[in-house]
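One line per chain: the protein sequences are A and B, in this order.
Taking our numbering, the leading residue of the first sequence gets 1, the next gets one more, and so forth.
Taking our numbering, the leading residue of the second sequence gets 1001, the next gets one more, and so forth.
What follows is a set of notes on a single structure, which appears directly below.
Protein chains: 2
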Amino acid sequence: MPNGTARSLRTQRTSTIAAVIPDITNPFYPAFERGVQEVAEARGYDLIVYNTGGIAEKEHRCVRSLQQGRVDGVVAVFFNLKAEDLLPLLRRNVAVVRLEAVKKQTDNLDLPLDNLYVDNVAASWAAVEHLIGRGHRRIGIIAGQSGPRQARVRGYREALAAHGLVLDESLIRDGEFSEDGGYRAMEGFLGDPHPPSAVFAADDVIAMGALMAIRAAGLRVPEDVAVVGFDDIPMARLVTPQLTTVAQFQENLGVRAAEMLLERLDGVAPEYGRYEEMPFELIVREST
Amino acid sequence: MPNGTARSLRTQRTSTIAAVIPDITNPFYPAFERGVQEVAEARGYDLIVYNTGGIAEKEHRCVRSLQQGRVDGVVAVFFNLKAEDLLPLLRRNVAVVRLEAVKKQTDNLDLPLDNLYVDNVAASWAAVEHLIGRGHRRIGIIAGQSGPRQARVRGYREALAAHGLVLDESLIRDGEFSEDGGYRAMEGFLGDPHPPSAVFAADDVIAMGALMAIRAAGLRVPEDVAVVGFDDIPMARLVTPQLTTVAQFQENLGVRAAEMLLERLDGVAPEYGRYEEMPFELIVREST
DNA sequence: ATGAAAGCGCTAACAT
DNA sequence: ATGTTAGCGCTTTCAT
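See the structure below:
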């Protein structure tokens, strides 16, 4: 049985890739990781996983660790790092594919840095438009705090504007991307003199918390308050009422990201970075 | 920035450990992985993750891959491998900690192989006894197919016997550890002339499927059929009705397993393998 | 075809 | 204290 370390030193290839994600206990990521792993494994690569908590300092530490040459490439979901922060990796010839929430035009056209993204602005727009179509006029958003937050709030704003609805800034609430954050934000809404009749939760975990808060207040979904989520995590169709949400097919995302990475490692990728858009789909269930 | 590969070759240490799990998309494992990672990261170790699908052939392949000396130690949940299958790793001085479903007395007393286990027999016993205490006399089990299946069925049998209930073999159904498996098995029960009034699902994912099948049949939980699960995955308290289940605190499990591994890597573990028992707790919610 | 040897980038031992 | 060197186990080149 040959020694992999020695082989790696000699060949300058580690047969290992890294997945950098915020938090594996957020139900969005297991399927993503599995997607990455499927293709990695099929091609004989091991997978190292980093959890950054979506925290800038840990993301930086992660990049530093990856500079040690322990991996051939990395698939990453960064909430804070910019393309320039990845330069040390690229210079060391470590390939990088990022999962993004929007297409950033200015970012990295001249770097060999690939990007995959779901158009979160359009997706949020679709979610909010669905609510408007159901007759809602007073629609709140529980927005999360980082990562895709900005894109999703923007979709919300644009959808309202497009339909001539006034934007009430008090209808935009922040919370963590956690059930607790969703619960508390929803409690806040329900304590208001004019609570919204529908709420767009920036992810399904937040939506779960919102659902619980609505039930705890003795109200009904969707009759009293309608709820849309984002991500279509496995739980979404298991709760009562089943959650209307925006699917972004996380396993596919992982598969495609890993494929793009391997294409680059195989030297068959274009010289400069690609931006590849991936589909979303509004899944209408019972909560709206 | 020093080259980690060269350093590893020289020092014979990789500063990497592996977590071997069946499937990260089973909601039991993300928290376990995170527990392992917390302590690994705190001690400067990277974490490689393998998904085996609980399949014997992939578990073997995994061991072979780990023999290449890419890791210092491994935390593993094997469904098929025995202690002897791990000998190649131990001989290569790769430390191993297993998560088990029972204490196997005969297995590895003379190997430097550590084990962590939750007493699945006692835990299942507790779940079934709870059902009996609620007045149920005809109790089914949906048992899964591998891994902890055997221990959980044994707890079920022993609890029934201890309370003088006759064991009806037709009340033991297999399914995969999946929502689908649970759904189909529950459908089967409901189609019977004498369906059970309560069902013990061998894990929470199976229980989710059972819940859906009961609802689809127009019946109510717990009035028509009571359901207990196993694991206390995050979903368990989010479904309606909230699921009664046996918690085994998976993040703790991951933390302790990683600690045991690092103790061995630090040379402060006893020469021969340890069996360490971890607690479970029956969490009574609304489904029983 | 088979075999010998150089060297990947480090660290630890040793010599100065 | 500082500098030099051997060698970890492989792969690949080059010589036979």
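Where a beta carbon is used, it is the ideal one built from N, C-alpha and C, also for glycine.
As a beta-bridge residue in DSSP terms, residue 1200(B) pairs with 1141(B) and 1228(B).
Contact between residue 204(A) and residue 244(A) is absent: CB atoms are separated by about 10 Å, not below the 8 Å threshold. The Cβ-Cβ distance between residue 1017(B) and residue 1075(B) falls below 8 Å. Between the alpha carbons of residue 123(A) and residue 281(A) lies a gap of roughly 8 Å. In the three-state reduction of the DSSP assignment, residue 1278(B) falls in the strand class, which pools E and B.
Here residue 1143(B) is not near residue 1102(B), since their CB atoms are 8 Å or more apart. Closest option to residue 1119(B), judged by alpha-carbon separation, among 1156(B), 1089(B), 1111(B) and 1141(B): 1156(B). Residue 4(A) belongs to the set of residues whose beta carbon lies under 8 Å from a beta carbon in chain B. By the neighbour-count criterion, in which 16 or more other beta carbons inside 10 Å mark a residue as buried, residue 1044(B) falls on the exposed side. Those residues of the region 230-248 of chain A placed with their C-beta closer than 8 Å to a C-beta in chain B are 234, 235, 238, 239 and 240, ordered along the chain.
Using a Cβ-Cβ cut-off of 8 Å, residue 1065(B) counts as an interface residue toward chain A, since at least one Cβ of chain A sits closer than that to its own. Taking the CA atoms as reference points, residue 1269(B) sits about 20 Å from residue 1041(B). In the DSSP assignment, residue 1073(B) falls within the beta strand (DSSP E) that extends over 1073-1076. Listed by position along chain A, the residues whose Cβ is nearer than 7 Å to that of residue 1030(B) are 24, 25 and 30.
For residue 196(A), the closest of 202(A), 61(A) and 131(A) by C-alpha to C-alpha distance is 131(A). At a cut-off of 8 Å, the C-beta of residue 1080(B) has no neighbouring C-beta in chain A.
Along the region 1022-1088 of chain B, the beta strand (DSSP E) occurs as fully enclosed runs of 3 or more residues at 1046-1051 and 1073-1076, listed in sequence order. Neighbours of residue 69(A) in chain B, taken as residues at a C-beta separation under 7 Å, are given in chain order as 1003, 1004 and 1005. Inclusion of residue 1054(B) and residue 1261(B) in the CB contact set at 8 Å is not warranted, their separation being larger than that value.
Listed along the chain, the chain B residues whose CB falls inside 8 Å of the CB of residue 93(A) amount to none; the nearest CB is some 12 Å away.
In this structure, residue 153(A) places its C-beta atom within 8 Å of the C-beta atom of residue 141(A). If you compare the alpha carbons of 1178(B), 1039(B), 1160(B) and 1216(B) with that of residue 1172(B), the shortest gap goes to 1160(B). What residue 84(A) touches in chain B, judged by beta-carbon distance under 8 Å, is nothing: the nearest beta carbon there is about 17 Å away.
Beyond the five residues adjoining it in sequence on each side, residue 78(A) comes within less than 6 Å, by CB distance, of 59 in the same chain, given in chain order. For a cut-off of 8 Å, the C-beta gap from residue 1014(B) to residue 1070(B) is around 6 Å, short enough to register as a contact. Just measuring C-alpha positions, the residue of 29(A), 12(A) and 25(A) sitting nearest residue 251(A) is 29(A). For residue 1048(B), the closest Cβ of chain A is nearer than 8 Å. Nearest neighbour of residue 1096(B) by Cα position, chosen from 1206(B), 1104(B), 1116(B) and 1105(B), turns out to be 1116(B).
Each residue's CA atom was taken as its position, placing residue 50(A) and residue 1051(B) some 16 Å apart. The beta carbon of residue 1009(B) falls within 8 Å of a beta carbon belonging to chain A, placing the residue at that interface. Counting along the chain, the unbroken beta strand (DSSP E) around residue 115(A) starts and ends at 113-118. Between residue 213(A) and residue 229(A), the gap from beta carbon to beta carbon reaches 8 Å or more.
If you check the CB distance, residue 1149(B) and residue 1236(B) do not come in under 8 Å. Under the DSSP assignment, residue 1101(B) falls outside any alpha helix (DSSP H); it carries neither an H nor an E label.
Apart from sequence neighbours up to five positions away, the residues of its chain that approach residue 276(A) with a beta-carbon distance below 8 Å are 114, 115, 116, 117, 256 and 260, ordered along the chain. Looking from the CA of residue 137(A), the closest CA among 125(A), 104(A) and 166(A) belongs to 166(A).
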